[in-house]
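Notes follow once the structure below has been shown.
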Amino acid sequence: MNKKDIIEEISIREGFSKRDTQIIVESFLSVISECLERGEEAKINYFGTFYVGKRKARTTTDVSDSNKVINIPESYDVRFKPGKPLKKAVKKQ
Numbered sequence: 000m001n002k003k004d005i006i007e008e009i010s011i012r013e014g015f016s017k018r019d020t021q022i023i024v025e026s027f028l029s030v031i032s033e034c035l036e037r038g039e040e041a042k043i044n045y046f047g048t049f050y051v052g053k054r055k056a057r058t059t060t061d062v063s064d065s066n067k068v069i070n071i072p073e074s075y076d077v078r079f080k081p082g083k084p085l086k087k088a089v090k091k092q
C-alpha cells in the first residue's frame, strides 16, 4: 500500500474528500519528519515509535574492486519500534 492508497482508504472510511485527506496525511508525515530531524522520538500510542538510530563507523571489503578495504563513516537512520498491539496483530497472521 502506498501513500495514494492510504489517502484513498482513509477518505472512504472517514467520508472526507481526497484533497482534505491528502492534506492531513502529508501534514502528519511532515510533523513526524520534523520531529526526527530535531533528534526527537515520535511516539504514537498503541502503534509504535519512530526514532533516529546511529550506525557505528565500520570497515568492509569491496569484492568488485580486488577486495579493496573501504571505511564507512558513522551514519544515522530512521528506525521504528512497533507497539505491543501492532506486534500482536502482526503475529496473528
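Residues 0 to 92, numbered by numbering that gives the first Met the number 0, are exactly what the sequence shown covers, in order. Backbone N, C-alpha and C define an ideal beta-carbon position, used for all residues, glycine too.
Supposed close pair residue i, residue j - CB separation, criterion 8 Å
i, j, result
"S26", "K17", "Rounded, the Cβ-Cβ distance is 15 Å, inconsistent with contact."
"L85", "G52", "Their Cβ separation, rounded to whole angstroms, is 19 Å, which puts L85 and G52 out of contact at 8 Å."
DSSP beta-bridge partners of residue i
i, result
"P81", "G47"
For residue j and residue i, the rounded distance between their alpha carbons
i, j, result
"K55", "D76", "11 Å"
"K80", "T59", "28 Å"
"G14", "E33", "28 Å"
"F49", "A41", "5 Å"
"L28", "K67", "40 Å"
"N70", "D61", "10 Å"
"G82", "S65", "45 Å"
"G38", "E8", "31 Å"
Buried versus exposed, by CB contacts within 10 Å (16 or more), residue i
i, result
"T20", "buried"
"I6", "buried"
The alpha helix (DSSP H) enclosing residue i, as first and last residue numbers
i, result
"K3", "K2 to E13"
Span of the beta strand (DSSP E) around residue i
i, result
"V24", "Segment K17 to E36 is the alpha helix (DSSP H) holding V24; no beta strand (DSSP E) there."
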